[in-house]
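These protein sequences, in sequence, are chains A and B.
Using the working numbering, the letters of the first sequence map in sequence onto residues 1 to 210.
Using the working numbering, the letters of the second sequence map in sequence onto residues 211 to 420.
2 protein chains.
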Amino acid sequence: MLNAQTTRGPKQRREREKEALRQVILDAARELFVSEGYENVSMRRIADKIEYSPTTIYLYFEDKASLLFAVCEETFAKLAKRMENISRKNEDPVETLKRGCRAYVEFGLKYPNHYRVTFINHPDLHLGRDNYLREGSMGMRCYSHLRANVEECIKQKRFRRGDVEALTQMMWAGGHGVASLLITKPDFPWVNKEKLIDLMIDVLVDGLKA
Amino acid sequence: MLNAQTTRGPKQRREREKEALRQVILDAARELFVSEGYENVSMRRIADKIEYSPTTIYLYFEDKASLLFAVCEETFAKLAKRMENISRKNEDPVETLKRGCRAYVEFGLKYPNHYRVTFINHPDLHLGRDNYLREGSMGMRCYSHLRANVEECIKQKRFRRGDVEALTQMMWAGGHGVASLLITKPDFPWVNKEKLIDLMIDVLVDGLKA
DNA sequence: TAGTATACTTAACGCTGTTAAGTGATAGCA
DNA sequence: TGCTATCACTTAACAGCGTTAAGTATACTA
């Protein structure tokens with residue numbers, strides 16, 4: 001029984017090739033989505049880039065939104081990793097929370113089109129396809145991490161208020177407000193971006209402190 | 211010279227009729243945009259609704275985005291009025307600021323599709339068509355009003371910090387963060403909406419207080 | 001009353017996401 | 001080794017989109 005449950009053989013080779021093409025499609029889509037924005041990229045353009053016919057993509061992804069969803073999961077995973085690194089380095093929970101929020105906003109500013117499609121636009125939302133923050137997703141992992149941060153601050157009695165869930169959502173909303181406005185309204189006469197980010201985080205934390 | 215610079219006559223009548231049709235188009239567009247969202251409404255659907263051919267719309271508006279822009283101006287005007295009413299009623303500037311922010315967020319939640327197109331989505335943004343907050347626009351009027359609110363708080367030494375512009379933008383970002391997340395992620399397990407709104411505003415103001 | 005300007009429509013262009021049907025190679029079995 | 005069925009992929013098409021060029025009546029002017 002040499003070939004039972006092996007990773008070799010023609011069947012396995014084809015499976016690997018399928019997986020490889022899936023990744024090629026995903027890479028092409030990510031590159032185009034990030035550089036030009038979801039709405040400005042057509043399935044035909046992605047197909048052109050990888051030198052396959054447009055319909056081939058549909059053999060690997062249900063539709064355009066699914067493609068976007070897969071790309072977003074990768075992005076979220078990166079962000080989650082980044083935030084977890086910050087937690088490991090720092091001891092003070094309040095400082096960790098601040099740095100985490102900062103990392104979140106700057107991540108958004110660094111990859112604006114990515115942030116757009118992941119946190120702002122949500123195409124086909126109204127159709128109940130809001131998978132981006134479902135249980136077990138990378139987005140939820142980011143949220144849970146932020147939540148743990150906030151919880152630690154409360155546990156150590158650094159905050160005056162105690163509703164973990166509400167406080168987490170408020171911190172998220174504060175970061176998202178700054179990030180999304182800076183991204184979607186680049187022509188507005190903003191004060192210095194870094195200053196605005198710091199101000200939001202500092203004021204929120206100040207307002208919470210015991 | 212009875213007819214010199216009069217408001218009557220065939221020429222004037224036609225002008226009035228033109229203006230009337232413009233408003234009919236605008237009303238139809240607003241209704242569809244608000245109930246179904248900008249992206250899900252086609253020019254042909256608007257045309258059907260008013261029983262004209264699609265091309266007629268282009269005699270009154272440059273393109274779909276212009277139509278949206280006109281609708282947004284109306285929305286902004288409503289919001290501006292609402293905020294100005296609050297200022298007139300209240301004496302305490304901090305309370306006024308809080309109520310103004312609250313009004314802003316609740317306005318967004320009441321007209322989510324309107325808020326989407328006005329503050330979140332911005333189609334054709336990347337093409338430099340970000341007219342929504344240009345000088346003299348209704349959007350800018352709202353912002354200026356908020357700014358005046360903040361300025362009054364600072365003048366009366368109710369706040370610890372003094373950068374009017376930065377503080378205004380932070381308050382806006384806080385409100386926008388809550389509004390946009392609640393609108394774009396309705397499936398997320400939010401805490402009570404009212405509570406989240408109040409929390410954000412209270413914590414921000416607390417963090418600013420002298 | 002003839003001619004022109006105005007208000008609107010018809011038909012089309014080049015896109016879009018998506019799908020049904022078709023093709024050609026390959027793998028497994030007789 | 002030869003047949004068949006499966007698999008990976010493509011071609012062609014559908015129904016829709018925003019937008020525009022060209023055409024047609026109608027109403028006003030001279």
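We treat Cβ as the ideally placed atom computed from N, Cα and C, and that holds for glycine.
(Q) Which residues of the stretch 171-200 of chain A have a Cβ closer than 9 Å to any Cβ of chain B? Give them in chain order. (A) Trp172, Ala173, Gly174, Gly175, His176, Gly177, Val178, Ala179, Ser180, Leu181, Leu182, Thr184, Lys185, Pro186, Asp187, Phe188, Pro189, Trp190, Val191, Asn192, Lys195, Leu196, Leu199 and Met200
Q) Arg371 of chain B: which of B:His355, B:Leu414, B:Ala420 and B:Gly349 sits nearest, CA to CA? A) B:Ala420
Q: May I ask which residues mark the beginning and end of the alpha helix (DSSP H) holding Leu409 of chain B?
A: Lys403 to Leu418
Q.
Against chain A, does Asn331 of chain B count as a neighbour if the rule is that its beta carbon must be under 9 Å from one of theirs?
A. yes
Q. Is it the case that the Cβ atoms of Met293 of chain B and His386 of chain B are separated by a distance below 9 Å?
A. no
Q. What does Asp416 of chain B reach in chain A if we use C-beta pairs closer than 7 Å?
A. Gly207
Q) In the structure shown, what three-state DSSP assignment does Leu391 of chain B receive? A) helix
Q | Uninterrupted alpha helix (DSSP H) stretches inside the stretch 49-105 of chain A (no shorter than 4 residues) | A | 54-57 and 64-89
(Q) Would Glu95 of chain A and Ile197 of chain A qualify as a contact pair, given that the criterion is a beta-carbon distance under 9 Å? (A) no
Q. On the three-pair Cβ rule with 8 Å, is the stretch 362-371 of chain B touching the stretch 299-314 of chain B?
A. yes
Q: Would you list, in chain order, the members of the stretch 104-119 of chain A that have their beta-carbon closer than 7 Å to a beta-carbon of chain B?
A: none
Q) To the nearest angstrom, how far is it from the Cα of Ala257 of chain B to the Cα of Glu246 of chain B? A) 15 Å
Q | Phe369 of chain B in three-state terms, based on DSSP | A | strand
Q | Proximity winner among B:Ile235, B:Ser297, B:Gly384 and B:Ser252, relative to Phe271 of chain B (alpha-carbon distances) | A | B:Ile235
Q. Under 9 Å between C-beta atoms, does Val94 of chain A make it to chain B?
A. no
Q | Status (buried if at least 16 other CB within 10 Å, exposed otherwise) for Arg44 of chain A | A | exposed
**Q.** Through-space distance from Ala383 of chain B to Trp190 of chain A, alpha-carbon basis
**A.** 11 Å
Q: Take Pro303 of chain B and list the residues in its own chain whose beta-carbon comes closer than 7 Å to its own, dropping the five residues that flank it on each side.
A: Asn359, Glu362, Cys363, Gln366 and Arg368
Q.
Just to confirm before moving on: does the CB-CB distance between Val117 of chain A and Tyr52 of chain A stay below 9 Å?
A. no
Q) Counting contacts by CB-CB distance shorter than 9 Å, is Arg158 of chain A in contact with chain B? A) no
Q.
Between Leu277 of chain B and chain A, is the shortest Cβ-Cβ distance under 9 Å, so that the two count as touching?
A. no
Q. So is Asn331 of chain B buried or exposed if we call it buried at 16+ other beta carbons inside 10 Å?
A. buried
Q | Buried versus exposed call for Gln169 of chain A [16 or more other C-beta atoms within 10 Å across all chains shown] | A | buried
(Q) Could you compute how far the alpha carbon of Asn250 of chain B sits from the alpha carbon of Ala80 of chain A? (A) 33 Å
Q. Which of the three DSSP states, helix, strand or coil, is assigned to Leu127 of chain A?
A. For Leu127 of chain A, the pLDDT reaches just 42, beneath the cut-off of 50, and the residue's location in the model is therefore unreliable, although a value from the coordinates is still provided. Here Leu127 of chain A sits in helix by DSSP.
Q) What residues from the stretch 144-155 of chain A come within 8 Å of chain B, judged by C-beta to C-beta, listed N to C? A) none
(Q) Classify Ser390 of chain B: buried if its beta carbon has 16 or more other beta carbons within 10 angstroms, exposed otherwise. (A) buried
**Q.** Nearest-angstrom Cβ-Cβ length linking Leu392 of chain B and Lys405 of chain B, presumed shorter than 8 Å
**A.** Rounded, the Cβ-Cβ distance is 12 Å, inconsistent with contact.
Q: Return the first residue and the last residue of the alpha helix (DSSP H) that Tyr325 of chain B is part of.
A: Pro322 to Tyr325
Q. To the nearest angstrom, how far is it from the Cα of Tyr159 of chain B to the Cα of Ala376 of chain B?
A. Nothing in the structure corresponds to residue 159 of chain B, since chain B is present only between 211 and 420.
Q. Is Arg240 of chain B closer than 9 Å to Tyr281 of chain B when the C-beta atoms are compared?
A. It is worth fixing the name first, because residue 281 of chain B is Val in this sequence and not Tyr. Yes.
Q: Pick out whichever of B:Leu277, B:Asp412, B:Gly346 and B:Thr394 has its Cα sitting closest to the Cα of Phe329 of chain B.
A: B:Thr394
**Q.** Separation of Glu17 of chain A from Val388 of chain B, as counted between CA atoms
**A.** 45 Å
Q: State the CB to CB distance for the pair Ala238 of chain B and Ile260 of chain B, rounded to an integer number of angstroms; the pair is presumed to be in contact (CB under 8 Å).
A: 5 Å
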